[in-house]
Amino acid sequence: MTEPCPKLSARNLNVFYGAKQAIKNVSIDISREHVTALIGPSGCGKSTFLRCFNRMNDTIENARVTGEIRLDGRDIHAADMDVVQLRARVGMVFQKPNPFPKSIYENVAYGPRIHGLASGRAEMDRLVEDALRRAGLWDEVRDRLADSGTTLSGGQQQRLCIARAIAVDPEVILMDEPCSALDPVATAKIEELIDDLRGRYAIVIVTHNMQQAARVSQRTAFFHMGAMIEYGETSTLFTNPVQARTKDYITGRYG
Amino acid sequence: MTATSAPRRAPTNWTAPAMQARVAVRYRRERLFRLAGLGALCLAGLFLAFLLFTIVRTGWSGFRHSEVAVSVVFDAQALGIDPAVARGPGGVEAIRRADFNALMQRSAAAQLGPAADVVSEGAWLDLRAAVLADRGVLGQTRTLWVPVRSNIDLLAKGKFDENEAEVTRGVSNEDIADYHYLEARGLIRTDFNEIFVSAANSTDPELAGIWGAALGSLLTLLVTIGAAFPVGVLAAVWLEEFAGRSRWTDFVEVSISNLAAVPSIIFGLLGLAVFLNFFNMPRSAPIVGGLTLALMTLPVIVITARAAIRAVPGSVRDAALGIGASPFQVVVHHVLPLALPGIMTGTIIGMARALGETAPLLLIGMRAFVADAPKGLTSSATVLPVQIFLWSDDAQRGFVEKTSAAIMVLLVILLLMSSVAIYLRNRFENRA
Numbered sequence: 001m002t003e004p005c006p007k008l009s010a011r012n013l014n015v016f017y018g019a020k021q022a023i024k025n026v027s028i029d030i031s032r033e034h035v036t037a038l039i040g041p042s043g044c045g046k047s048t049f050l051r052c053f054n055r056m057n058d059t060i061e062n063a064r065v066t067g068e069i070r071l072d073g074r075d076i077h078a079a080d081m082d083v084v085q086l087r088a089r090v091g092m093v094f095q096k097p098n099p100f101p102k103s104i105y106e107n108v109a110y111g112p113r114i115h116g117l118a119s120g121r122a123e124m125d126r127l128v129e130d131a132l133r134r135a136g137l138w139d140e141v142r143d144r145l146a147d148s149g150t151t152l153s154g155g156q157q158q159r160l161c162i163a164r165a166i167a168v169d170p171e172v173i174l175m176d177e178p179c180s181a182l183d184p185v186a187t188a189k190i191e192e193l194i195d196d197l198r199g200r201y202a203i204v205i206v207t208h209n210m211q212q213a214a215r216v217s218q219r220t221a222f223f224h225m226g227a228m229i230e231y232g233e234t235s236t237l238f239t240n241p242v243q244a245r246t247k248d249y250i251t252g253r254y255g
Numbered sequence: 256m257t258a259t260s261a262p263r264r265a266p267t268n269w270t271a272p273a274m275q276a277r278v279a280v281r282y283r284r285e286r287l288f289r290l291a292g293l294g295a296l297c298l299a300g301l302f303l304a305f306l307l308f309t310i311v312r313t314g315w316s317g318f319r320h321s322e323v324a325v326s327v328v329f330d331a332q333a334l335g336i337d338p339a340v341a342r343g344p345g346g347v348e349a350i351r352r353a354d355f356n357a358l359m360q361r362s363a364a365a366q367l368g369p370a371a372d373v374v375s376e377g378a379w380l381d382l383r384a385a386v387l388a389d390r391g392v393l394g395q396t397r398t399l400w401v402p403v404r405s406n407i408d409l410l411a412k413g414k415f416d417e418n419e420a421e422v423t424r425g426v427s428n429e430d431i432a433d434y435h436y437l438e439a440r441g442l443i444r445t446d447f448n449e450i451f452v453s454a455a456n457s458t459d460p461e462l463a464g465i466w467g468a469a470l471g472s473l474l475t476l477l478v479t480i481g482a483a484f485p486v487g488v489l490a491a492v493w494l495e496e497f498a499g500r501s502r503w504t505d506f507v508e509v510s511i512s513n514l515a516a517v518p519s520i521i522f523g524l525l526g527l528a529v530f531l532n533f534f535n536m537p538r539s540a541p542i543v544g545g546l547t548l549a550l551m552t553l554p555v556i557v558i559t560a561r562a563a564i565r566a567v568p569g570s571v572r573d574a575a576l577g578i579g580a581s582p583f584q585v586v587v588h589h590v591l592p593l594a595l596p597g598i599m600t601g602t603i604i605g606m607a608r609a610l611g612e613t614a615p616l617l618l619i620g621m622r623a624f625v626a627d628a629p630k631g632l633t634s635s636a637t638v639l640p641v642q643i644f645l646w647s648d649d650a651q652r653g654f655v656e657k658t659s660a661a662i663m664v665l666l667v668i669l670l671l672m673s674s675v676a677i678y679l680r681n682r683f684e685n686r687a
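Protein chains in written order, with the numbering used here: chain A, 1 to 255; chain B, 256 to 687.
Now the structure itself:
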């Protein structure tokens, strides 16, 4: 399981919301080549865990994180780690599509602009087009880049959010149930897209949908009540789980 | 089934008379409720219409004034002006020194016969203005329409009942005789009152204008918005986005809410103590009035701006943070543009209140008599509501119509402000 240098690693990670412990002593290594799925019943802490990797839990007032997370071997909680840059390197796609109420072009160009990734209009145009192409949205929006991002359908909005995330050229993309607000057709497109993006970015996806985890991921971690119960190859975990609780969950005994 | 279970209920009969009666009652209540709402609206509309009607009826004539025709011989020698000097660089000084008042009185006595004293005490200003505008009139004879005294003006507008007894009428028999003398000869006319829209206050109603107060209000509001808007918005941003929650921020929040409810006259006392007594700023100046009103407006702006910022969905903040925007960039690029329409609404409400505020300004000396329009933020000025208050308090009959006319000006400015604000708000809303 462990590679020489995993893209992301967590060691003895605990997250508390006030007095309530949401994540209990989780350690995990996430590889750069694979899509890693986090599954588990509602409230098991998988989204909270995901939000540790780009320190989005910092924005929650009474959240407290202990333990260690390393990105390429560097502690992301270290004093010299700039959280703003961390979030550019570790992009995030949220559960509900949340494009900015600005034009489609502006949605994608915003990240590169604030990080100074493009010099000049022409380069920015290329960057926007490239991000939209990779998100599989270019052909649908090429003639309406000036329209507001909120005029798109739900599935298109989510792909726009993915384009926005990859436009800043991150190393990791975190996806928090990216398809839970979408219909099956839009879901299929996103899953296809995740498969296309695999290899170029390390992808961590939280999902409720076990079929989706089985379809898109190569590694799966099963969470239950804040603890990571089992972590392994997706095919093994779904066909031959080691832990009884994993087996109960994937066979629909609870969850 | 247990033995104690209740007997089965009969099915509800939706067409029974009792049920139909209930439906009828429901309809009647609905109708009454709607009528009450409509009635309330009509009542409010009626009061508004009555208010506007009385103000416009009384104030309309304030925008008109009466003038008398006097033909004036601009004799340079009698005026003591050397035409050559008048055309030269020191000409304005020389013209200002000349005694136009005497020329006015001589001309009126010669032309108007028994009615010579109808001419306003300030009529000579028109003569001087004619020379200042064109030095060529020196040595020539011109017929000028100069303002008449307020009572003659009111007679011309039909504001007095001439059949009433002299003691209760408010205007003397001589004035009435003078007016009819002039009217019979076609020497008096009533037209647009350019003095009212261009002059500042005066002790003579016919020479008093609203321009000084309007300019004073404008300068005061500029100071108010310039001080209250940035401070209020920055305070709101800090409280909402950066402060977090603590005992201290709770205390600040409660204080701001309380401050918004403090009577405005208290802010006047605060302005008096801080700006005049401590900082020794000039009395009755727009800068002091504006800062005092800014103190009063600040809590309103902070509260509405906070509400507008809070209404920006968290998903937008998450999205921006998620691609590595700094907290500052999140606020400036995303939160503020989306909150701006709401912030502007609050600012408009605050500004409208500041425009109509009188009490705090009285305390910082803005009720002084100011005969000139303000030249800057530190020169003496008055504002529209204070001017209205002062005129309404004046015993002279001529100020009645001025008061209502000034109210009309104030209302029009308020309306303009609101329209501009609503226009701007809609534009920003559409953009977002």
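Every residue, glycine too, gets a C-beta built ideally from N, C-alpha and C.
Endpoints, beta strand (DSSP E) assigned at residue i
i: P402(B); result: T396 to P402
i: L145(A); result: That residue, L145(A), is in no beta strand (DSSP E); it is neither H nor E in DSSP.
i: G232(A); result: A227 to E233
i: I619(B); result: No beta strand (DSSP E) holds I619(B); DSSP gives it neither H nor E.
i: L38(A); result: V35 to I39
i: A167(A); result: Premise fails: A167(A) lies in the alpha helix (DSSP H), G154 to A167, not in any beta strand (DSSP E).
i: M92(A); result: V90 to V93
With 16 other Cβ atoms within 10 Å as the buried cut-off, status of residue i
i: I196(B); result: Any answer about residue 196(B) is impossible in this case: the structure gives chain B only from 256 up to 687.
i: R219(A); result: buried
i: A329(B); result: Note that residue 329(B) is Phe in the sequence shown, not Ala. F329(B) should be labelled buried.
i: E177(A); result: buried
i: I619(B); result: buried
i: L671(B); result: exposed
i: T2(A); result: Low confidence applies here, because T2(A) scores a pLDDT of 48, under 50, leaving its location unreliable and the question unanswered by this model.
i: E684(B); result: exposed
i: T396(B); result: exposed
i: T613(B); result: buried
i: V675(B); result: exposed
i: T309(B); result: exposed
i: N456(B); result: buried
i: D433(B); result: buried
i: I598(B); result: buried
Residue i - containing alpha helix (DSSP H), residue span
i: H115(A); result: I104 to H115
i: K20(A); result: Note, K20(A): premise wrong, no alpha helix (DSSP H); beta strand (DSSP E) at K20 to I30.
i: N456(B); result: First-last for N456(B): undefined, no H or E at that position.
i: F695(B); result: Residue coverage of chain B in this structure runs from 256 to 687, which leaves residue 695(B) outside it and unanswerable.
i: F16(A); result: Where F16(A) is concerned, there is no enclosing alpha helix (DSSP H), although the beta strand (DSSP E) it sits in stretches over L8 to Y17.
i: V328(B); result: First-last for V328(B): R319 to V328, but that is the beta strand (DSSP E), not the alpha helix (DSSP H).
i: E508(B); result: R502 to A515
i: L71(A); result: Taken as a continuous stretch (DSSP letters only), L71(A) belongs to no alpha helix (DSSP H), being part of the beta strand (DSSP E) at A63 to L71.
i: K46(A); result: K46 to C52
Integer Cβ distance of residue i from residue j, believed to fall under 8 Å
i: V90(A); j: N54(A); result: 4 Å
i: F222(A); j: T246(A); result: 5 Å
i: K96(A); j: G136(A); result: That pair is no contact at about 20 Å.
i: K24(A); j: G226(A); result: 4 Å
i: A515(B); j: V488(B); result: Going by Cβ atoms, the distance from A515(B) to V488(B) rounds to 16 Å, so no, they are not a contact pair.
i: I431(B); j: E419(B); result: Not a contact, Cβ separation roughly 11 Å.
i: G577(B); j: V84(A); result: With 8 Å as the limit, G577(B) and V84(A) do not qualify as a contact, their Cβ atoms being about 11 Å apart.
i: L553(B); j: A483(B); result: 5 Å
i: L462(B); j: I450(B); result: 6 Å
i: G545(B); j: T637(B); result: The Cβ separation is near 13 Å, so there is no contact.
i: L387(B); j: I350(B); result: 6 Å
Residue i beta carbon near the ligand COA (any heavy atom closer than 7 Å)
i: I166(A); result: This structure does not include the ligand COA; it has no bound ligands of any sort.
In chain order, what are the residue ranges of uninterrupted beta strand (DSSP E) at least 3 long that sit wholly in the stretch 420-448 of chain B? 443-447
At a Cβ cut of 7 Å, what residues of the stretch 549-583 of chain B count as close to chain A, listed as they run along the chain? S570, V571, D573, A574, L576, G577, I578, G579, A580 and S581
Please give the ranges of any alpha helix (DSSP H) in the stretch 535-565 of chain B, keeping only runs that are unbroken, at least 4 residues long and fully inside the region. 541-565
What residues in the stretch 39-69 of chain A bring their beta carbon closer than 8 Å to a beta carbon of chain B? N54, M56, T59 and E61
Please list, in chain order, the residues of the stretch 69-95 of chain A that have any C-beta partner in chain B closer than 7 Å. V84, Q85, R87, A88, G91, M92 and F94
Whole runs of the beta strand (DSSP E) within the stretch 172-234 of chain A, excluding any shorter than 3 residues: 172-176, 202-206, 219-224 and 227-233
The stretch 593-617 of chain B: which residues have C-beta closer than 8 Å to a C-beta of chain A, in chain order? Listed by position, the residues of the stretch 593-617 of chain B near chain A (Cβ gap below 8 Å) are L593.
Just to confirm the assignment: which complete alpha helix (DSSP H) runs, minimum length 4, are found wholly within the stretch 324-383 of chain B? 331-334, 338-342, 346-352 and 355-367
What are the residues of the stretch 481-504 of chain B that lie near chain A, defined by any Cβ-Cβ distance shorter than 9 Å? G499 and R500
Short of 8 Å Cβ to Cβ, which residues in the stretch 99-120 of chain A face chain B? P99, F100, P101, Y110, G111, I114 and H115
Can you give, in chain order, each stretch of the alpha helix (DSSP H) that sits fully within the stretch 575-610 of chain B and has at least 4 residues? 591-610
Residues of the stretch 208-236 of chain A in Cβ contact with chain B at a cutoff of 7 Å, in chain order, please. none
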